[in-house]
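See below for the structure under consideration.
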Amino acid sequence: MDQTLKRIPRPAPWVWEAVLLLLALALPYMGFMDRSRTSLAVFAGIYVMLGLSLNIIVGYAGLFQLGHAAFFGLGAYTAAILSIERNITILATIPIAALVAGGAAILVSKPILHLRGDYLCIVTIAFGEIFRIAVTNNAFGITGGSNGLFGAGRPEFPLPWVSPVPEIVLVIILILHLLLTHRSGPVLRWGGAGLIALAYFLLPPMGGHDQLFVVSMAMGGVALAAVAFLRERGLDVRGQMVGLAIVVALFTLLVAVRADPLATGIDRNIDDYFNVRDPVTVLGVEWTPVAFKRDARPYYFLVLAFIVVTIVGMRRLQNSRLGRAWLYVREDQLAAEAMGIDTTQVKMAAFAIGSAWAGVAGVLYASRFTVVAPESFNFLQSVIMFCIVVLGGSGSIPGILVGTLGMVVLPELLRDVGPTFLYEGAGPLVIFAAILGLYLYNARSRIGAAVVESGVIAAAFVLPPALVGEPSLYVIGMLMTLAAIIMLPAFRRRTANPLPWMAGALAVYVAAMVAIGSRLGPDLEREVLAFRIMDWRDGLMGVAMVIMMVLRPAGIIPERRRGVVTSAVAETTDVGPAVAVQQAT
Amino acid sequence: METFLQQLINGLTIGGFYAVVALGYTMVYGVLKLINFAHGDMFMWGTLTGWALLTTVFASITDLDVVAILAASIIVLAFIGVMGMTIERVAYRPLRSAGRLSPIISALGAAFALQAVARNVSDARWRTYPEGLLAELPTLQLTNKVSLSGLQVLMLVVCAAVMVGLYLFVQRTRIGTAMRAVSLDHDVSRLMGINVDQIIALVFFIGPALGGLAGLLIGIYYGSFNFTLGWVFGLKAFIAAILGGIGNIPGAVLGGFILGISETMVVAYGPNIGLADASAWKDAIAYVLLITILIARPTGILGETVAEKV
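Sequences listed follow chains A and B, in order. Just so we're on the same page, the numbering used here is the position in the first sequence counted from 1, plus 31. Just so we're on the same page, the numbering used here is the position in the second sequence counted from 1, plus 1.
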């Protein structure tokens, strides 16, 4: 039979990306997202940015960086100090914070970049600790000591429909359009620009509300995205022009039909989520500042916008000349040098860009929490960032999303989950599904064997509680099956058919549980109820780190281009030259 | 001058502990090229186990505390040694061929797990060793103001014995030779008939066991501890190992003493040179020393300069 007939067509990657983006946009409006979870989403978003920034250093350039929290902190402190002392609106400090963090990275990395990996690792830890000690001891008298700084400003932006804001935004949109279409011929380049500008200014008077300039801005953004997307998909200029026209037409239709509800909706959102301040005069123009309130939802979209920009930027960076140089340096530094790549320069660029971007994340952090204190930038945070990158799969962007879910979101969600989740309601089912999934994903057995082995695992999980009638025995079953999964690969190397052994172990285990289960159950339940997950969070995280690395050393979603240059040479350098003390230069 | 001498003595004592812990780092780094981040926490586990033993099982024999401490030392040595071997087996051995990033995560994970268990065992509180341990040891009064307590003498003697013993073991015995061979090249060692896995397991017994012993001693010396002791102390001990030249046993010892003495000196004389709150900055000294040495002499003070082969 023709093999191709059986193959199910896989959706193109951009479909997944579009679905993911839509989900991310809809997330704050979903039923289960209460105030604290939206807050958590913002926090996780900041860590996604940190993961992406660290990914440049660790993932792309292959350098160790266990002090990333220091650069995050530098950005946050810069923003807080400028906002508190100089009263600069906090989003305007982004370039300064990026310069400070990136500049600091250049300064500290210059003398150490020639070091071999492990030395670099320990030196970056040292820099992180020095930063923490310095801010805790109130270095230069501006960091507020161990209490930190209070009262950093919340993000502000000018009210969008008061002149000259619409004009400025239009100019930015047009510049982006012209950059995007600089090789596309006059029809798309100038015709498209004219179309956007015309619709931009016609929509608000057409609907009869100034507020509709927000819709115009959205139209401009979507039109740009549509052109970029269609070009990426290989459509010619005419197709791109049609796409642009369709976007403009849709927005015009929207305004024609629903102008009043849109305008009131915009007004209501401004009232709910923002404070409109008194006008101020900056650069001789009067602006009306609109400030974020404490509510997390606007922050969510702010951070999401930054993440999207970051991911797009990372992609382009990855395939740029510099990105390819990083790949080469990571895979084989000597060969890269022989090819004429200035490895020190290239590594320093990775450090500077990654750290500057961590500084930007720091500004977002300062503006979200308005308090900046040393313990938010300690070694544990650096480790969490490092784990986000490596657990997810060093160098892979989807890996960073998964890594953040595991390292930041999951521990926080576990806080809400009571310990009885382990054996009540849907808890055991969820845990069992997770364990079985882990097993099947990892063991890669043939289908027949997988079915039988899943059956044994299920039996070990279900039988003792069912036979004895003590639901708390699920906890033991959980630990046993987890241990079995970890040991199975080693087991399988020794015997061709581990099934009899598994069945034997299962029988012994079930018999033992039947024998002592009724006495063990209540004790266990007491223990479980006394278990405070926050006391064990770091420990569980540690165990998970070991297990994940042992099962999947390259991360959950490994980078696709890993090892493409040379694997053989890299392997020899991994084992190390025949000396105990290696030249670090 | 007398304060200086007294500080020198205090610095030497602390330095001795750094040195013994640094030995564990340097040996593991020698054979696996891995920073064993869990080492500092195993050191702390030595303090914790010693505390548990001396306040429960051996609490009744306080008159003969030498016996109690000896017995506790032996148990701590064995327990922490086995702990080290277990961690190697579970967290490091499966990752030996997995590149350089993964073992570091695994080591950090093992450190977190150890720390979390210790935190819950000790209820996250400061714990104190029994009072008056080894109090009857005579104090050596060198001059009016300079004294060398019996405890300090004992610590220095134990540290010196450990270092010399280990050095002789590594340099003079067959197994020590095998260890040095493994640290040069795993594959060639295997061809020479050395059981590399066994040697690595042995290194992971000796290093943590000595670290655990140092932990017990430092518990007696300081009198109190909490579960975070291991991380900072361990990191500094690793820095001591780099200072002296990693993979090099005399180097680790030298680095430990340099670090211990610099710390006590800066804290003692900091106010004289304009560092008013020098003790708050104490922890930064090790890092500054580290960065200085890595810029000036990346192989460490006693490290040999060998060109990297490919």
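Heads up, the beta-carbon is just placed ideally off N, CA and C, and yes, glycines get one too. Computed from a predicted structure; not experimentally measured.
Please classify residue i: is it buried, with 16 or more other beta-carbons within 10 angstroms of its beta-carbon, or exposed?
| i | result |
| --- | --- |
| Thr56(B) | exposed |
| Asn249(B) | buried |
| Gln172(B) | exposed |
| Lys378(A) | buried |
| Val421(A) | buried |
| Trp221(A) | exposed |
| Ser177(A) | exposed |
| Lys237(B) | buried |
| Thr616(A) | Only weak support exists for where Thr616(A) lies, its pLDDT of 33 falling under 50; the coordinates are left without a value. |
| Gln8(B) | buried |
| Arg262(A) | buried |
| Phe5(B) | exposed |
| Ala308(B) | Note that Ala308(B) scores 42 on pLDDT, short of 50, meaning its location in the model is unreliable; the coordinates nonetheless yield the value given after this. Exposed: under 16 other Cβ atoms inside 10 Å. |
| Met2(B) | exposed |
| Ile292(B) | buried |
| Val278(A) | buried |
| Tyr30(B) | buried |
| Val595(A) | The predicted position of Val595(A) is uncertain, since its pLDDT is 48 and thus under 50; no value can be drawn from it. |
| Ser351(A) | exposed |
| Thr174(B) | exposed |
| Lys34(B) | buried |
Who are the neighbours of residue i on chain A, taking C-beta pairs under 9 Å?
| i | result |
| --- | --- |
| Arg120(B) | Asp566, Trp567, Asp569 and Gly570 |
| Val83(B) | Those do not exist, as Val83(B) stays about 18 Å from chain A at its closest Cβ, beyond 9 Å. |
| Val67(B) | Ordered by position in chain A, no residue passes the 9 Å Cβ test against Val67(B), which lies about 36 Å from the chain. |
| Ala114(B) | Asp569, Gly570, Leu571, Met572, Gly573, Val574, Met576 and Val577 |
| Gly224(B) | Near Gly224(B) there are no residues of chain A at all, since even the closest Cβ is about 25 Å away, more than 9 Å. |
Quick check on the DSSP output: the beta strand (DSSP E) that includes residue i runs from which residue to which?
| i | result |
| --- | --- |
| Ala322(A) | Pro320 to Phe323 |
| Val311(A) | Val311 to Val313 |
| Arg307(A) | Just to set this straight, residue 307(A) is Val in the shown sequence, not Arg. Looking at the DSSP string, the run of the beta strand (DSSP E) that includes Val307(A) is Phe305 to Val307. |
Report yes or no: is there a C-beta of chain E within less than 9 Å of the C-beta of residue i?
| i | result |
| --- | --- |
| Lys146(B) | Annotation note: the requested chain E is absent from the structure, which comprises protein chains A and B. |
Bridge partners of residue i, per DSSP?
| i | result |
| --- | --- |
| Thr341(A) | The partner list for Thr341(A) (beta bridge, DSSP) is empty, contrary to what the question assumes. |
| Gln349(A) | DSSP, once it has assigned bridges, lists no residue as partnering Gln349(A). |
| Phe226(B) | Arg128(B) |
| Gln142(B) | Ser148(B) |
| Glu317(A) | Thr312(A) |
Residues of chain B with a CB under 8 Å from the CB of residue i: which are they?
| i | result |
| --- | --- |
| Val644(A) | Not covered by the structure: residue 644(A). The range shown for chain A is 32 to 616. |
In chain B, which residues lie with their C-beta within 9 Å of the C-beta of residue i?
| i | result |
| --- | --- |
| Leu146(A) | Leu295 and Pro299 |
| Glu160(A) | Val233, Leu236, Asp284, Ala285, Ala287 and Tyr288 |
| Pro142(A) | Ile292, Leu295 and Ile296 |
| Val421(A) | Leu102, Ser103, Ile105 and Ile106 |
What does residue i reach in chain A if we use C-beta pairs closer than 7 Å?
| i | result |
| --- | --- |
| Ala117(B) | Trp567, Asp569, Gly570 and Gly573 |
| Leu99(B) | Sequence check: residue 99(B) is Ala here, not Leu. By Cβ distance, chain A contributes Pro584. |
| Leu96(B) | Met580, Val581 and Pro584 |
At 8 Å on the CB atoms, spell out the chain A contacts of residue i, in chain order.
| i | result |
| --- | --- |
| Ile243(B) | Tyr150 and Ile153 |
| Ser107(B) | Met576, Val577, Met580 and Val581 |
| Phe239(B) | Ile153 |
Give me the chain B residues within the contact set of residue i, using Cβ-Cβ distance strictly less than 7 Å, ordered along the chain.
| i | result |
| --- | --- |
| Ile164(A) | Trp282, Asp284 and Ala285 |
| Pro442(A) | Under the 7 Å cutoff, chain B gives no residues; its nearest Cβ is about 12 Å from Pro442(A). |
| Val425(A) | For clarity, residue 425(A) is Ser in the given sequence; the question names Val instead. Within 7 Å Cβ-Cβ: Leu102. |
| Ala157(A) | Tyr288, Leu291 and Ile292 |
Taking the alpha helix (DSSP H) that residue i falls in, what are its first and last residues?
| i | result |
| --- | --- |
| Val541(A) | Leu530 to Ala561 |
| Gly151(B) | Gly151 to Arg173 |
| Gln7(B) | Glu3 to Leu33 |
| Met250(A) | Phe244 to Glu263 |
| Met43(B) | His40 to Thr56 |
| Ile262(B) | Ile250 to Tyr270 |
| Met237(A) | Gly223 to Gly238 |
| Lys283(B) | Lys283 to Ala297 |
| Asp188(B) | His187 to Leu192 |
| Gly486(A) | Ile478 to Val499 |
| Glu368(A) | Gln364 to Ala369 |
Please give the ranges of any alpha helix (DSSP H) in the segment 389–446 of chain A, keeping only runs that are unbroken, at least 4 residues long and fully inside the region. 410–424 and 428–435
Curious, which full-length alpha helix (DSSP H) runs of at least 4 residues does the segment 46–108 of chain A contain? 66–86
Return the chain-ordered ranges of every alpha helix (DSSP H) run that is complete within the segment 173–219 of chain A and spans a minimum of 4 residues. 196–211
Complete alpha helix (DSSP H) runs within the segment 60–117 of chain B (minimum length 4 residues, chain order): 66–88
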